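A.B. asks: Going down the list, the protein sequences come from chains A and R. If you're matching positions, the first sequence starts at 497 in the numbering used here and goes up one per residue. If you're matching positions, the second sequence starts at 497 in the numbering used here and goes up one per residue. Sharing a structure with you now.
Protein chains: 2
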Amino acid sequence: MRDFIRGAIRLHILHHAAEEEIHGAWMARELASHGYGISPGTLYPTLHRLESDGLLVSRQEVVEGRVRRLYRATEAGRRVLEQDRSALRELAREVLGDQEPG
Amino acid sequence: MRDFIRGAIRLHILHHAAEEEIHGAWMARELASHGYGISPGTLYPTLHRLESDGLLVSRQEVVEGRVRRLYRATEAGRRVLEQDRSALRELAREVLGDQEPG
DNA sequence: GAGTGGATATCGTGATCCGATATCGGCCTG
DNA sequence: CAGGCCGATATCGGATCACGATATCCACTC
Numbered sequence: 497m498r499d500f501i502r503g504a505i506r507l508h509i510l511h512h513a514a515e516e517e518i519h520g521a522w523m524a525r526e527l528a529s530h531g532y533g534i535s536p537g538t539l540y541p542t543l544h545r546l547e548s549d550g551l552l553v554s555r556q557e558v559v560e561g562r563v564r565r566l567y568r569a570t571e572a573g574r575r576v577l578e579q580d581r582s583a584l585r586e587l588a589r590e591v592l593g594d595q596e597p598g
Numbered sequence: 497m498r499d500f501i502r503g504a505i506r507l508h509i510l511h512h513a514a515e516e517e518i519h520g521a522w523m524a525r526e527l528a529s530h531g532y533g534i535s536p537g538t539l540y541p542t543l544h545r546l547e548s549d550g551l552l553v554s555r556q557e558v559v560e561g562r563v564r565r566l567y568r569a570t571e572a573g574r575r576v577l578e579q580d581r582s583a584l585r586e587l588a589r590e591v592l593g594d595q596e597p598g
């Protein structure tokens, strides 16, 4: 358990997949830009698991001469996302207290 | 990875251990009261790991005829806690949007 | 000193993480 | 059409971690 971030990766993926179609390499860059170093050996199996759990659906498309697997959140995925969001909200309330930012 | 909560357990433990002395069974109840089902087989190894990583220190004491191992956060533990807190803050900002709480 | 009860420690199994490496497939070149 | 290129995706093996069940520990009681 390097970071508590590890477990938040699913949340992050669902969050973006609920808003638009995403693909693995894009997600890797997105996570990296937030400082979440995730390796392909973690990311792709995670995407597959989310799909086999019915939280994501994928299709393949050719974009700029590259085959990409595009993922979107399913209804079940959105429900799980909402559950995770409220868990996050409670966690933030508990651990961050009522501190006002700035 | 049932929940993103799994990884947040370390954060939760550090949060409480930074404020007061805690012990395993108390932490189990605290986590359970927030709906985080954590088994002893996860909690105790986690405490040991945090201690061997230098984030917690422990001492034994007899309380009400029971031996308890009391944990407190070290300075390093508090630093990690702060790092995790700001990661949590950024995650909340990213995934929860700019919604105002309450 | 045997029993009690709550807290803590450990064991084996299965899942997960990880970096490195391999594969894939459309595009371009010739 | 064959071959090379390149980014995206998939897979492999070792190490770590989560988990529930079970065992152990220790102060107290009788």
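In this text, a Cβ means the ideal position worked out from N, Cα and C, and glycines have one as well. Owing to the predicted nature of the structure, the values given are computational and were not obtained by experimental measurement.
Measuring alpha carbon to alpha carbon, tell me which residue in A/S582, A/R568 and A/L577 is nearest A/I518.
C.D. replies: On the first sequence, position 22 is the one that residue 518 of chain A refers to. Ranking A/S582, A/R568 and A/L577 by Cα distance to A/I518 puts A/R568 first.
A.B. asks: List the residues of chain R that A/A588 touches, going by C-beta distances under 7 Å, in chain order.
C.D. replies: Taking the first sequence and counting its residues from 1, one reaches residue 588 of chain A at position 92. Those are L584 and A588, listed as they occur along chain R.
A.B. asks: Flag this pair as yes or no: are the beta carbons of A/S554 and A/L566 separated by less than 9 Å?
C.D. replies: To locate residue 554 of chain A, count along the first sequence from 1; it is residue 58. To locate residue 566 of chain A, count along the first sequence from 1; it is residue 70. Cβ atoms of A/S554 and A/L566: closer than 9 Å.
A.B. asks: Does the Cβ-Cβ distance between R/A513 and R/G573 come in under 9 Å?
C.D. replies: Within the second sequence, the letter at position 17 stands for residue 513 of chain R. Within the second sequence, the letter at position 77 stands for residue 573 of chain R. Contact: yes.
A.B. asks: From the DSSP output, in three-state form, read off R/Y540 for me.
C.D. replies: By one-based count along the second sequence, residue 540 of chain R stands at place 44. Helix, per DSSP.
A.B. asks: Could you name the residues of the stretch 499 to 513 of chain R whose beta carbon sits closer than 7 Å to any beta carbon of chain A, in the order they occur along the chain?
C.D. replies: Those residues of the stretch 499 to 513 of chain R that come within reach of chain A (Cβ to Cβ, closer than 7 Å) are D499, F500, I501, R502, G503, A504, R506, L507, H508 and H511.
A.B. asks: Give a yes or no on whether the C-beta atoms belonging to R/R585 and A/L592 are separated by under 9 Å.
C.D. replies: Taking the first residue of the second sequence as position 1, residue 585 of chain R is located at position 89. Taking the first residue of the first sequence as position 1, residue 592 of chain A is located at position 96. Yes. Within cutoff.
A.B. asks: Is the CB of R/G520 under 9 Å away from at least one CB in chain A?
C.D. replies: Indexing the second sequence from 1 puts residue 520 of chain R at position 24. No, no contact with chain A.
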